[in-house]
Amino acid sequence: VCFFISSSFHNDEETLVGIINVQDRDSEYNGQVRCSIQQGVPFKLVPSIKNYYSLVTTGKLDRELVSDYNITITATDEGSPPLSSSKSVQLSVADINDNPPVFDKQSYSAYVSENNKPGSTLCSVSARDPDWRQNGTVVYSLLAGEVNGAPVSSYLSVNGDTGVLHAVRSFDYEQFRSFKVHVMARDNGSPPLSSNVTVSVFISDVNDNSPQILYPSLEGNSFMTELVPKAAHGGSLVSKVIAVDADSGQNAWLSYHIFKSTDPGLFTIGVHSGEIRTQRDISESDSMKQNLVVAVKDNGQPSLSATCSMYLLISDNLAEVPELKDLSYDEKNSKLTSYLIIALVSMSTFFLTFIIIILGLRFCRRRKPRLLFDGAVAIPSGYLPPNYADVDGTGTLRSTYNYDAYLTTGSRTSDFKFVTSYNDNTYCLSRNSVLKSIFMSL
Ligand SMILES: *[C@@H]1O[C@H](CO)[C@@H](O)[C@H](O)[C@H]1NC(C)=O
Ligand SMILES: *[C@@H]1O[C@H](CO)[C@@H](O)[C@H](O)[C@H]1NC(C)=O
Ligand SMILES: *[C@@H]1O[C@H](CO)[C@@H](O)[C@H](O)[C@H]1NC(C)=O
275 VCFFISSSFH
285 NDEETLVGII
295 NVQDRDSEYN
305 GQVRCSIQQG
315 VPFKLVPSIK
325 NYYSLVTTGK
335 LDRELVSDYN
345 ITITATDEGS
355 PPLSSSKSVQ
365 LSVADINDNP
375 PVFDKQSYSA
385 YVSENNKPGS
395 TLCSVSARDP
405 DWRQNGTVVY
415 SLLAGEVNGA
425 PVSSYLSVNG
435 DTGVLHAVRS
445 FDYEQFRSFK
455 VHVMARDNGS
465 PPLSSNVTVS
475 VFISDVNDNS
485 PQILYPSLEG
495 NSFMTELVPK
505 AAHGGSLVSK
515 VIAVDADSGQ
525 NAWLSYHIFK
535 STDPGLFTIG
545 VHSGEIRTQR
555 DISESDSMKQ
565 NLVVAVKDNG
575 QPSLSATCSM
585 YLLISDNLAE
595 VPELKDLSYD
605 EKNSKLTSYL
615 IIALVSMSTF
625 FLTFIIIILG
635 LRFCRRRKPR
645 LLFDGAVAIP
655 SGYLPPNYAD
665 VDGTGTLRST
675 YNYDAYLTTG
685 SRTSDFKFVT
695 SYNDNTYCLS
705 RNSVLKSIFM
715 SL
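Now the structure itself:
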């Protein structure tokens, strides 16, 4: 018994797979042959002309389910006893490109922190195609599209062979928080089949923005000064620091703290409201000028902060404030002020020595008491610099009061008081005129 397989075909129903020829050299019944194949395979034998059979399919073949068949054909003659032989036929199902690539997931999500490095890996997509060789070889690509008006390829790239997505640029959470791209998987068949999938990219926030203080604003160096009524009671709202943070969540959760203040127990700030309130009633002894440095911090890790200065004037009326400008330059000029104080102290030491010498001279020559201040130094108290405008409204400064106010170092107080009392009944040589003359000589 011999078998011949002429060829194999792609399948349709009842597709002819091969022609089988059977021969038996006996004669009559002993030479009459019947052929059969085993059960359970999608093939059958169809008798055609004498000793020829067609091997045909009984249904659709799917290479992706069963790619190879081992068909055993048995031929039996009608003799008594019958003789038979069998032969197995290897049958391979040829591929056609009938499967598009299929992604492992319906959609993909990628999470990336902002300020990522360009080129960093975001995620990878994967599609399978069960077809054979190039009919099942998958190539990945980005579908054209736009993100924020720019081509998607300026944001992402995909490795065609591996499906790994890379960031092309650094993302900024403050610009956009997420975007979507479509990735296509295409096989190399002819014609090719493809499918696409959506990849959502979510950018997470990094604490890269410091708090921004809106009020008090520092624009153009205009210093915001708040008036606090003298009658303000404890708990009165005085002002409010307003700040924003471009980040989000904890990174934008702001807290306010008084960093520095002229009088630490006088004002308090709401940790989350930024409201500045008096902590107790204002009293007469409180300094008129109050300066607060407020720090605004976010709650990021690490946290970022910003500071601002707030100038508060305890007064009911702006008109009685001597020099607003002085307030704003207080801090800048504090160094200069300390130099001035040092200069004043040394000048006054010099001056005191001078007076002592003159006094000594005076005691020697008892009849010439007014010699000392007749000259350049003595200035009538009526002539006072406008800066020192009177506080009590009498036209002259109360000398002891002003002296204490302006010469805060204290060490030379008694020396100057001596000078003052000496001049009480002659020229009114107030401390201010002394200061004035020292200023002039400086
Ligand atoms: C095909 O089937 C026959 C009979 O069952 C067996 O002898 C043969 O080894 C099989 N061939 C293959 C490749 O499986
Ligand atoms: C791929 O499929 C096409 C038909 O779609 C077929 O002609 C070709 O032979 C197949 N290639 C392979 C390698 O199987
Ligand atoms: C993407 O695939 C869907 C079905 O999965 C299809 O409807 C859509 O047209 C495809 N889009 C493109 C651009 O190929």
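Just so you know, we're using the numbering used here here: the sequence shown kicks off at 275 and counts up by one.
For every residue, glycine included, the Cβ atom is placed at its ideal position computed from N, Cα and C.
These figures come from a predicted structure and were not determined experimentally.
ask   = Roughly how many whole angstroms lie between the Cα atoms of V480 and D446?
value = Here residue 480 refers to the residue found at position 206 when the sequence shown is read from its first residue. Here residue 446 refers to the residue found at position 172 when the sequence shown is read from its first residue. Distance between the alpha carbons of V480 and D446 is about 9 angstroms.
inquiry  = Can you tell me where the beta strand (DSSP E) holding S383 begins and where it ends?
reply    = For the purposes of this step, residue 383 is identified with residue 109 of the sequence shown, where counting begins at 1. Run containing S383: S381 to S387, per the beta strand (DSSP E) assignment.
Reduced DSSP category for Y327 - H, G, I as helix; E, B as strand; rest coil = Here residue 327 refers to the residue found at position 53 of the sequence shown. Residue state, collapsed to three classes: strand.
task = Tell me where the beta strand (DSSP E) around I556 begins and ends.
result = One-based indexing of the sequence shown puts residue 556 at position 282. It is not in any beta strand (DSSP E) - I556 carries neither H nor E in the DSSP assignment.
message = Taking 8 angstroms as the limit between beta carbons, can you name the residues of its chain near G523, skipping five residues before and five after?
response = Indexing the sequence shown from 1 puts residue 523 at position 249. Same-chain partners within the cutoff: D479.
Ligand 2 heavy atom lying under 7 angstroms from the CB of S341 = If you number the sequence shown from 1, residue 341 lands on position 67. No; taking the cut-off as 7 angstroms, the Cβ of S341 has no heavy atom of ligand 2 nearer than that.
Closer than 7 angstroms: D482 CB and nearest ligand 2 heavy atom = Here residue 482 is taken as the residue at index 208 of the sequence shown, counted from 1. Not under cutoff, so the answer is no.
task = From the DSSP output, in three-state form, read off I294 for me.
result = Reading the sequence shown from its first residue, position 20 is the one you call residue 294. Strand, per DSSP.
request  = Consult DSSP for E352 and reduce its assignment to one of helix, strand or coil.
outcome  = Walking along the sequence shown from the start, residue 352 turns up at place 78. Coil at E352, not helix or strand.
key: Nearest-angstrom beta carbon gap, A580 and S484 [assumed within contact, 8 angstroms]   = In the sequence shown, residue 484 corresponds to position 210, counting from 1. In the sequence shown, residue 580 corresponds to position 306, counting from 1. S484 to A580, Cβ: 5 angstroms. Contact.
ask   = Taking Cβ positions only, does A580 come closer than 8 angstroms to chain C?
value = Reference to chain C is not applicable here, since this structure consists of a single protein chain.
ask   = Bridge partners of I543, per DSSP?
value = Along the sequence shown, one-based indexing puts residue 543 at 269. Answer is I550, bridged to I543.
query = Can you tell me the Cα-Cα spacing of A593 and N422, whole angstroms?
reply = Here residue 593 corresponds to residue number 319 of the sequence shown, with the count starting at 1. Here residue 422 corresponds to residue number 148 of the sequence shown, with the count starting at 1. Near 55 angstroms, if we compare the C-alpha coordinates of N422 and A593.
key: Contact test: Q408 Cβ vs ligand 2 heavy atom, cutoff 7 angstroms   = The count along the sequence shown starts at 1 and reaches residue 408 at position 134. Yes - ligand 2 has a heavy atom lying nearer than 7 angstroms to the Cβ of Q408.
query = Should D336 be listed as close to ligand 2, given that the test is whether its C-beta is under 7 angstroms from any heavy atom?
reply = Taking the first residue of the sequence shown as 1, we reach residue 336 at position 62. Outside the cutoff, so no.
ask   = Comparing the CB of D269 with every heavy atom of ligand 2, is any distance shorter than 7 angstroms?
value = The displayed coordinates of the chain run from 275 to 716. Any statement about residue 269 would go beyond what the structure contains.
ask   = Grouping DSSP H, G and I as helix and E and B as strand, with all else coil, what is I370?
value = Position 96 of the sequence shown, counted from the start, is the residue given in the question as residue 370. Coil, per DSSP.
key: Entirely enclosed beta strand (DSSP E) segments - the region 463 to 544, minimum 3 residues   = 468 to 478, 486 to 489, 499 to 502, 511 to 514, 516 to 518, 529 to 535 and 541 to 543
query = Are the region 390 to 401 and the region 340 to 351 in contact at 8 angstroms, needing three or more beta carbon pairs?
reply = no
ask   = Taking the continuous beta strand (DSSP E) assigned at S452, which residues delimit it?
value = Here the question's residue 452 lines up with position 178 in the sequence shown. Start and end: S452 to D461.
request  = Can you tell me the Cβ-Cβ gap for D560 and L540, rounded? I've got them flagged as a contact below 8 angstroms.
outcome  = Taking the sequence shown and counting its residues from 1, the one referred to as residue 560 is at position 286. Taking the sequence shown and counting its residues from 1, the one referred to as residue 540 is at position 266. Right, the Cβ-Cβ distance comes to about 6 angstroms (below 8 angstroms), so this counts as a contact.
Where R771 sits in the DSSP three-state scheme = The requested residue 771 does not occur in the structure, where the chain is confined to residues 275 to 716.
request  = In angstroms with no decimal places, state the Cα-to-Cα distance between N470 and A418.
outcome  = As a first step, residue 470 must be located in the sequence shown, where it is residue number 196. As a first step, residue 418 must be located in the sequence shown, where it is residue number 144. The straight-line gap from Cα to Cα measures roughly 12 angstroms.
message = At a threshold of 7 angstroms, does G463 count as lining ligand 2 (C-beta to nearest heavy atom)?
response = For this step, residue 463 is matched to residue 189 along the sequence shown. Yes, since a heavy atom of ligand 2 falls inside the 7 angstroms radius drawn around the Cβ of G463.
query = Could you give the distance in angstroms between the alpha-carbon of S583 and the alpha-carbon of Y385?
reply = As a working note, residue 583 is residue 309 in the sequence shown. As a working note, residue 385 is residue 111 in the sequence shown. Approximately 40 angstroms, taken between the alpha carbons.
message = Check whether the region 449 to 461 and the region 352 to 369 are in contact - that is, three or more C-beta pairs closer than 8 angstroms.
response = no
query = So does the region 349 to 356 actually touch the region 292 to 306, counting three or more Cβ pairs closer than 8 angstroms?
reply = yes
task = Return the chain-ordered list of same chain residues with a C-beta closer than 8 angstroms to the C-beta of I516, the five sequence neighbours on each side being excluded.
result = Here residue 516 corresponds to residue number 242 of the sequence shown, with the count starting at 1. Cβ neighbours of I516 beyond the five flanking positions: I487, L488, Y489 and G548.
key: Residue interval of the beta strand (DSSP E) (run including A441)   = Walking along the sequence shown from the start, residue 441 turns up at place 167. Here the beta strand (DSSP E) through A441 covers V438 to A441.
Buried or exposed (CB count within 10 angstroms, at least 16 for buried), P375 = Along the sequence shown, one-based indexing puts residue 375 at 101. It counts as buried.
message = Counting beta carbon pairs with one atom in the region 503 to 514 and one in the region 408 to 415, are three or more of them shorter than 8 angstroms?
response = no
query = Exposed or buried, what is I543 when buried is set at 16 or more other beta-carbons lying within 10 Å of its beta-carbon?
reply = Taking the first residue of the sequence shown as 1, we reach residue 543 at position 269. It counts as buried.
task = Give the DSSP-derived three-state secondary structure of M562 in the structure shown.
result = Within the sequence shown, the letter at position 288 stands for residue 562. The answer is coil: DSSP assigns M562 none of H, G, I, E or B.
request  = Indicate the three-state DSSP secondary structure (helix, strand or coil) for T433 in the structure shown.
outcome  = As a working note, residue 433 is residue 159 in the sequence shown. The question names Thr, but residue 433 is Asn in the sequence shown. Coil at N433, not helix or strand.
query = If we ignore side chains and look at the alpha-carbon of each, how far apart do N591 and S612 end up?
reply = Sequence index remark: in the sequence shown, residue 591 carries index 317 (1-based). Sequence index remark: in the sequence shown, residue 612 carries index 338 (1-based). Distance between the alpha carbons of N591 and S612 is about 30 angstroms.
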